[in-house]
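Here is the structure we will look at, set down as structure tokens.
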Amino acid sequence: MATEGEQSAFFPQDMAKTSGAWLSADGPESDIVFSTRIRVARNLAGFPFMSQADADTRAQLVQTLKAALTETGHNLTFINVESLDELDAQLLVERQLISRELAQAEGARGVVIGEGESISVMLNEEDHVRMQILHSGLSLEQCWDVANELDDDLEEQVSFSFDEKLGYLTACPTNVGTGIRVSVMLHLPALRITREIQKVHTAAQKINLAVRGLYGEGSQAMGDFYQISNQVTLGCSEQDLLNNLGDVVPNILGYERRVRDLLLRDNRSQLDDQVARAMGILTSARSITSEETMHLLSSVRLGVNLGMVTEVSIATVNELFIQTQRSHLQRIQGQTLESDARNEARAAWLRERLSDN
Amino acid sequence: MKKCRHCSRRATLHVTEINDNVAVPIHLCDDCAHGYLNGSNAPEDEVPTQAAELAAKLEALVADEDEECSNCNISFSQFRDQGRLGCAACYDEFRQDLMPLLENIHEDSTHAGKRPRRNPGQSASESQLVHLRSEQRKAIDREDYESAATLRDEIARLEAELHNFPISTAEDSND
Numbered sequence: 172m173a174t175e176g177e178q179s180a181f182f183p184q185d186m187a188k189t190s191g192a193w194l195s196a197d198g199p200e201s202d203i204v205f206s207t208r209i210r211v212a213r214n215l216a217g218f219p220f221m222s223q224a225d226a227d228t229r230a231q232l233v234q235t236l237k238a239a240l241t242e243t244g245h246n247l248t249f250i251n252v253e254s255l256d257e258l259d260a261q262l263l264v265e266r267q268l269i270s271r272e273l274a275q276a277e278g279a280r281g282v283v284i285g286e287g288e289s290i291s292v293m294l295n296e297e298d299h300v301r302m303q304i305l306h307s308g309l310s311l312e313q314c315w316d317v318a319n320e321l322d323d324d325l326e327e328q329v330s331f332s333f334d335e336k337l338g339y340l341t342a343c344p345t346n347v348g349t350g351i352r353v354s355v356m357l358h359l360p361a362l363r364i365t366r367e368i369q370k371v372h373t374a375a376q377k378i379n380l381a382v383r384g385l386y387g388e389g390s391q392a393m394g395d396f397y398q399i400s401n402q403v404t405l406g407c408s409e410q411d412l413l414n415n416l417g418d419v420v421p422n423i424l425g426y427e428r429r430v431r432d433l434l435l436r437d438n439r440s441q442l443d444d445q446v447a448r449a450m451g452i453l454t455s456a457r458s459i460t461s462e463e464t465m466h467l468l469s470s471v472r473l474g475v476n477l478g479m480v481t482e483v484s485i486a487t488v489n490e491l492f493i494q495t496q497r498s499h500l501q502r503i504q505g506q507t508l509e510s511d512a513r514n515e516a517r518a519a520w521l522r523e524r525l526s527d528n
Numbered sequence: 374m375k376k377c378r379h380c381s382r383r384a385t386l387h388v389t390e391i392n393d394n395v396a397v398p399i400h401l402c403d404d405c406a407h408g409y410l411n412g413s414n415a416p417e418d419e420v421p422t423q424a425a426e427l428a429a430k431l432e433a434l435v436a437d438e439d440e441e442c443s444n445c446n447i448s449f450s451q452f453r454d455q456g457r458l459g460c461a462a463c464y465d466e467f468r469q470d471l472m473p474l475l476e477n478i479h480e481d482s483t484h485a486g487k488r489p490r491r492n493p494g495q496s497a498s499e500s501q502l503v504h505l506r507s508e509q510r511k512a513i514d515r516e517d518y519e520s521a522a523t524l525r526d527e528i529a530r531l532e533a534e535l536h537n538f539p540i541s542t543a544e545d546s547n548d
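Laid out in structure tokens, this is it:
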């Protein structure tokens with residue numbers, strides 16, 4: 172693992188052109204399920220939480236955790252987020268490796284990333300440790316197995332704050348107990364087109380599940396992506412939380428598929444037209460905004476799943492959702508681009524990627 | 374009490390919208406009602422953030438007096454403002470005020486998940502560590518370097534006990 176201050180293992184320009192393994196669309200149900208993510212929040216015993224940690228304590232936390240993570244034997248690379256410029260930190264946000272909060276925070280902080288980007292561990296975010304496991308498709312158990320093992324391995328090295336009654340102690344009381352958030356990212360264009368999506372919101376809220384957009388807390392449902400996750404962390408086991416989502420998600424998938432069938436039966440020509448237009452614009456535009464790209468990629472993704480588009484793979488579409496964002500485009504191009512130039516670079520990258528296949 | 378559909382605060386505006394001949398009741402708080410009436414209604418798929426929900430729950434908390442955590446010195450009102458506790462000991466120090474909040478958020482108050490494999494019953498030395506660090510900071514502030522050095526060694530000893538890492542001093546950690 173690279174030592175503090177070194178950025179030798181992090182080449183933003185190379186990273187921007189590749190994709191995390193979780194975008195490969197090879198997981199179960201990955202026509203609709205974009206990804207499964209498990210986040211585990213932990214704090215080191217004997218250190219104050221972040222709000223009370225001074226600069227020295229923050230630095231010591233990063234150093235201690237980095238050393239402990241190296242000892243776990245997982246093949247991990249440390250990136251010193253404190254020393255990154257805004258664009259490179261944003262690149263990691265776009266790849267879902269770190270949160271906006273970590274990117275924008277101050278003081279010693281970092282992220283440790285595993286091969287294929289399916290493991291990332293944020294250091295000094297809201298809690299000292301935020302482990303994240305990200306897999307393609309609906310992979311609740313597999314994600315938890317990896318998270319649980321990493322948690323155990325790290326716990327061999329350090330002690331976490333734990334209370335007999337309250338479980339793992341976190342800076343925010345909303346995470347206390349298991350400290351885990353299980354989320355499944357769903358692509359639900361048919362439910363959005365038919366305005367049935369509100370029913371999913373209502374049903375999820377009734378059973379204490381939250382529905383959010385692509386980039387989590389407070390974000391909009393861009394590209395028809397909806398993230399469903401547990402809200403409660405105290406009073407139920409990790410397996411209960413997995414089961415809750417495991418019970419609900421197939422129902423939503425079934426609902427989305429039924430509505431897709433209905434759309435095909437009753438509105439086939441309209442849908443054909445929408446998908447073909449989306450493909451037409453994405454493969455020929457000379458300038459395109461991020462918002463329009465998300466919207467059109469969503470139609471193409473639906474088109475690929477319904478067999479209307481055959482020349483593009485789901486994996487390519489998944490990757491384009493990430494690579495057409497502002498930091499990725501600039502790192503791919505190797506230069507800083509203002510808004511207009513970015514829209515042109517985005518259109519060029521879309522033409523290149525979509526005609527490759 | 375009806376909650377606002379956007380942020381879960383107490384709803385004060387109650388209207389019924391007719392969409393495709395279906396009556397849809399809408400409940401909004403003062404702030405969101407203002408946006409709604411001025412035409413800048415939040416999009417349909419916007420949901421209340423957990424942070425906003427927590428803020429609303431915290432607002433409802435009124436501590437009798439503004440206690441302070443004896444370990445990290447954060448006050449209960451500071452916690453209420455930022456929604457983040459200062460250290461693990463805060464859970465004990467503010468337990469009385471926190472329990473109703475935890476039950477409100479989680480509808481439960483007892484952990485039922487995994488436990489550390491190693492002995493977690495070290496909370497006494499944990500609290501002591503946080504306390505010593507705070508004392509060390511104060512000693513440095515008043516330029517009492519002798520006390521600060523003694524505290525530093527004591528912290529290193531406790532840390533080594535608590536975690537598996539070798540005893541290190543502040544000088545080492547600046548390498």
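The listed protein sequences derive, respectively, from chains C and Z.
Heads up: take any position in the first sequence, counting from 1, add 171, and you land on the numbering used here.
Heads up: take any position in the second sequence, counting from 1, add 373, and you land on the numbering used here.
Where a beta carbon is used, it is the ideal one built from N, C-alpha and C, also for glycine.
The C-beta of N489/C has 16 or more other C-beta atoms within 10 Å across all chains shown, which makes the residue buried. Of the other Cβ atoms in all chains shown, fewer than 16 fall within 10 Å of the Cβ of E523/C; this residue is therefore exposed. When Cβ-Cβ separations below 8 Å define contact, L524/Z makes no contact with chain C. Annotated three-state conformation of D511/C is helix, per DSSP. The C-alpha of E463/C is placed about 31 Å away from the C-alpha of L416/C.
In this structure, the beta-carbon distance from S289/C to V282/C does not fall below 8 Å. A straight-line Cα-Cα distance of about 51 Å links Q376/C and A521/Z. Bridge partners of R301/C according to DSSP: A212/C, M293/C. Out of M186/C, E326/C, K370/C, I493/C, the CA that lies nearest to the CA of A238/C is found in E326/C. Around the Cβ of D395/C, a 10 Å sphere holds 16 or more other Cβ atoms; the residue is buried. C-alpha of A486/C to C-alpha of A196/C: approximately 5 Å in a straight line.
When C-alpha distances from V475/C are compared across Q494/C, S461/C, A447/C, L263/C, the shortest belongs to A447/C. Runs of the alpha helix (DSSP H) lying entirely within the region 182-243 of chain C and spanning at least 4 residues, in chain order: 183-188, 226-242. If you compare the alpha carbons of L468/C, I368/C, V480/C with that of T495/C, the shortest gap goes to L468/C. For I250/C, the enclosing beta strand (DSSP E) has its first and last residue at 247-251. For S332/C, same chain residues with a beta-carbon under 6 Å away, outside a window of 5 residues either side, are N214, A216, L340 in chain order. Here L294/C is not near V211/C, since their CB atoms are 8 Å or more apart. Positions of the alpha helix (DSSP H) runs, each at least 4 residues long and wholly inside the region 409-459 of chain C, are given as 409-455 in order along the chain.
In this structure, the beta-carbon distance from R517/C to I452/C does not fall below 8 Å. Put simply, the CB of V233/C is far from chain Z, with every gap to its CB atoms at 8 Å or more.
Bounds of the beta strand (DSSP E) holding H358/C are 351-358. Chain-order list of chain Z residues neighbouring L258/C: empty, with the shortest C-beta distance near 26 Å, by a criterion of under 7 Å. Its chain contains L263, V282, M293 as the residues whose beta carbon lies nearer than 6 Å to that of I269/C, once the 5 sequence neighbours on both sides are disregarded; these appear in chain order. Where G285/C is concerned, the enclosing beta strand (DSSP E) starts and stops at 281-285. Under DSSP, E441/Z forms a beta bridge with S448/Z. In the displayed model, D259/C falls within a helix according to three-state DSSP. Think of a sphere of 7 Å around the beta carbon of T404/C: the chain Z residues whose beta carbon falls inside it are H479, in chain order. Judged by their CB atoms, L309/C and E427/C are not nearer to each other than the 8 Å cut-off.
For Q398/C, the enclosing beta strand (DSSP E) covers residues 396-401.
Checking the DSSP bridge columns, you'll see D465/Z has no partner listed. Within a 10 Å sphere around the beta-carbon of Q441/C sit fewer than 16 other beta-carbons, which makes this residue exposed. Approximately 6 Å separates the beta-carbon atoms of G285/C and N246/C; this is inside 8 Å, confirming the contact. Not flagged as an interface residue toward chain C: H379/Z, since no C-beta distance is shorter than 8 Å.
Separation of F452/Z and R468/Z (C-alpha to C-alpha, rounded to the nearest whole angstrom) is 13 Å.
E499/Z sits away from L524/Z, with the two beta carbons spaced by 8 Å or more. Note on G244/C: under 16 other CB atoms within 10 angstroms of its CB, so exposed under the neighbour-count rule.
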